[in-house]
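Notes for the one structure printed next.
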Amino acid sequence: MRFRKLEKNTSGQESILPYKMKKNNIHFKCFVILLSMFLASCSILGISRERGIAAVQTPPEAPLLAEVLMHLQLDYVEPEKLDPESLLQGALTELGRMIPEVTVVPELQDKTLGPVLNISFKTEKTILPVSKIAGLYDLHISLQMLMKRLLEMNPQLTQLKIEQMFVRGILNQLDAYSVLLPKEIYNEFNINIGGQFAGVGLVVGTRDDQLTVIAPMDGSPAALAGMKPLDRIVAVDGEKTEHMTLDEILHRLRGNIGTPVTLSVLRKGHAKALRFELLR
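Position one of the sequence shown corresponds to residue 68 (the numbering used here), numbered consecutively onward.
As C-alpha cells, this is what we get:
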C-alpha cells in the first residue's frame with residue numbers, strides 16, 4: 068500500500084477554496100483521521116502488566132510453522148480435528164515439556180482484556196493479548212506473537228527451536244502418526260538406507276516417560292558391552308535425555324560406522340548410573 072506525503076501549509080494564510088474543493092478536503096481529512104486511528108489500534112498487540120512494556124508491533128515470520136499449518140489445512144484427512152484452541156494447547160504443552168522454566172497459560176475467554184496468554188519465565192511474568200483464535204490463521208498469528216515474546220524473555224532460545232516445538236505439539240495433539248521430520252534427520256535417514264550409518268543394536272521405547280531398553284540385539288555392540296532389558300538411558304555422550312524427544316535420542320545413537328558413543332544408564336539394584344562406551 069502506497070501513501071502520498073502531505074505537505075503542511077506554513078504560510079499562515081487561509082486559502083479560499085471553492086465549496087466543492089473544501090468538501091473534498093474535509094472528507095480527506097476525516098479519512099486520514101480514521102486511518103490513523105485504525106493503524107494505532109492495529110499496533111497494540113500486547114502489554115505486560117508487571118513490566119508495562121508494549122509488545123513488539125510486528126511479530127517475526129514463522130515459515131516452518133506456516134508451511135505445516137498450510138499442509139494441515141489442505142491435506143489433513145480428518146479436518147474436524149483441526150480445532151485451533153486444541154492445537155494451541157498442544158503447542159503450549161510441548162513448549163512446557165521442552166522448556167520447564169517457561170509456563171504459558173491461555174485465558175481465551177477473558178472478559179476484560181479479551182483472549183490472553185499468561186507467560187512466566189523464571190521470576191518474570193507478562194500477559195500477551197491475542198486475537199480470537201477462530202482458525203488456523205489466527206493460531207499462526209498468536210503463536211508468532213508468543214514466539215517473539217519468548218525470544219525477548221530468553222535470548223538463548225532460537226526461532227527455529229521454538230517453531231519446531233510448536234509444530235511437534237500441534238501434531239501430537241492430532242494423532243500419533245503425524246510427525247515433523249527435521250532436515251538433518253531426513254538426510255540421515257537417506258544415508259542410513261545407503262549403509263553409511265549404524266546404531267548400537269538396541270530396541271528401545273518409552274516407559275514411564277523414560278527411554279528404556281526393550282532388548283539388545285544378539286551380537287550387537289550393546290549386547291556385547293553388557294546392556295540389558297529395562298536399562299534406562301539417561302544420557303547420550305554426556306547430554307541428558309530427559310527433555311529430548313525419541314527421535315532426537317535415536318539421532319544421537321546413530322552415527323558413522325566405527326565411531327564411539329557413550330551411554331549412561333540406570334539399572335535396578337545400582338545406586339549410580341552405569342557407563343557404556345560403544346562402537347557403532
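Glycine is no exception: its CB is placed at the ideal position from the N, C-alpha and C atoms.
Taking residue i as the reference, which of the options has the closest Cα?
{"i": "E309", "options": "Q277, S153, A292", "result": "Q277"}
{"i": "I237", "options": "A158, L345, E147, S331", "result": "A158"}
{"i": "L206", "options": "A338, Q156, K228", "result": "Q156"}
{"i": "S331", "options": "R342, V267, Y143, G325", "result": "R342"}
{"i": "V303", "options": "H318, I208, L227", "result": "H318"}
{"i": "S245", "options": "L139, D285, G181, V328", "result": "L139"}
{"i": "L291", "options": "V267, T273, R299, R274", "result": "V267"}
Would you mind sorting residue i into buried or exposed? The rule is 16 or more other CB atoms within 10 Å of its CB.
{"i": "I83", "result": "Only weak support is given to the placement of I83: the predicted model assigns it a pLDDT of 37, under 50, and the value that follows is read from those uncertain coordinates. With fewer than 16 Cβ atoms within 10 Å of its Cβ, I83 is classed as exposed."}
{"i": "P151", "result": "buried"}
{"i": "T326", "result": "exposed"}
{"i": "E161", "result": "buried"}
{"i": "A129", "result": "buried"}
{"i": "A243", "result": "exposed"}
{"i": "P283", "result": "buried"}
{"i": "N239", "result": "buried"}
{"i": "E134", "result": "exposed"}
{"i": "D142", "result": "exposed"}
{"i": "I93", "result": "Confidence at I93 is low in this model, with a pLDDT of 47, below 50, so the placement of that residue is unreliable and no value is reported for it."}
{"i": "E230", "result": "buried"}
I believe residue i touches residue j by the beta-carbon criterion, under 8 angstroms. Please report the beta-carbon distance rounded to the nearest angstrom.
{"i": "K189", "j": "E168", "result": "6 angstroms"}
{"i": "L149", "j": "L184", "result": "20 angstroms between Cβ atoms; not a contact."}
Locate the beta strand (DSSP E) running through residue i, then write down its first and last residues.
{"i": "N185", "result": "183 to 188"}
{"i": "R274", "result": "269 to 274"}
{"i": "T279", "result": "277 to 283"}
{"i": "E174", "result": "169 to 174"}
I'd like the span of the alpha helix (DSSP H) that includes residue i, first residue to last.
{"i": "P196", "result": "Counting along the chain, P196 falls outside any alpha helix (DSSP H), though it belongs to the beta strand (DSSP E) covering 191 to 196."}
{"i": "P151", "result": "151 to 165"}
Those runs of the beta strand (DSSP E) which lie wholly inside the region 298 to 347 and span at least 3 residues: 299 to 303, 327 to 333, 341 to 346
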